[in-house]
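Some notes on the structure that comes next.
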Amino acid sequence: MLTLTQALYDQIVAHARQDHPDEACGVVAGPAGTDRPERFVPMLNAARSPTFYEFDSKDLLKLYRELDDRDEDPVIVYHSHTATQAYPSRTDVTYANEPGAHYVLVSTADADGLGEFQFRSYRIVDGVITEEEVRVVEAY
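Note that the working numbering has the sequence shown beginning at 67, numbered continuously upward.
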């Protein structure tokens with residue numbers, strides 16, 4: 067189960083809606099070994115695409131150095147789908163290289179009247195997708 071604060075939930079959703087019609091992406095970091103998301107890190111979608119996201123390689127290197135310096139892990143890796151449901155695509159599964167992370171997908175298809183808003187979380191390990199419950203709390 068993914069547990070996150072209402073503030074983090076709201077930040078992820080706001081980022082997804084702000085970048086629509088392009089996919090948004092980012093990370094929520096937390097203290098190493100805790101599985102507790104705390105620090106919101108929105109990233110730039112270097113692909114600037116409505117159907118694909120890509121972290122800029124320089125930004126990603128900077129992020130991982132920062133995580134090391136702060137003794138943090140990427141607890142949540144998130145991105146949005148702009149015209150489809152919040153379910154990992156084959157490309158998403160291929161890029162899922164953090165076995166301990168929660169992979170959050172936000173569908174912003176509702177922004178165009180094409181679908182219903184969705185905020186869903188998955189574990190993706192060795193190509194296997196497992197949806198998990200999302201619990202939003204006021205504070206930890």
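All C-beta atoms in this analysis are idealised placements derived from N, C-alpha and C, irrespective of residue type, glycine included.
Using a threshold of 7 angstroms, is the CB atom of A167 nearer than that to any non-hydrogen atom of the ligand NAD? This structure does not include the ligand NAD; it has no bound ligands of any sort.
Considering only residues of the region 80 to 126, which uninterrupted beta strand (DSSP E) runs meet the minimum length of 3 residues and lie entirely inside it, listed in chain order? Every unbroken stretch of the beta strand (DSSP E) spanning 3 or more residues and falling wholly within the region 80 to 126 is given here in chain order: 91 to 97 and 105 to 109.
Do E204 and M67 have their C-beta atoms closer together than 8 angstroms? No, the pair does not count as a contact, with Cβ atoms beyond the cut-off.
In whole angstroms, what separates the C-alpha of C91 from that of G193? Answer to the nearest angstrom: the Cα atoms are 20 angstroms apart.
Between V143 and the rest of its own chain, which residues show a CB-CB distance below 7 angstroms, the 5 nearest in sequence each way excluded? Counting only Cβ-Cβ distances below 7 angstroms, and skipping sequence neighbours, we find V93, E164, A167 and Y169.
Tell me which same chain residues have a C-beta within less than 8 angstroms of the C-beta of D85, skipping the five on either side of it? Correct list, in chain order: N111 and S146.
Rounded to the nearest angstrom, how far is the Cβ of A88 from that of P116, given a contact under 8 angstroms? As written in the sequence, residue 88 is Asp, which differs from the Ala given in the question. At roughly 5 angstroms, the Cβ-Cβ gap stays under 8 angstroms, so D88 and P116 are in contact.
Using 10 angstroms around the beta-carbon of Y119, count the other beta-carbons present and answer buried if the total reaches 16, otherwise exposed. That one is buried.
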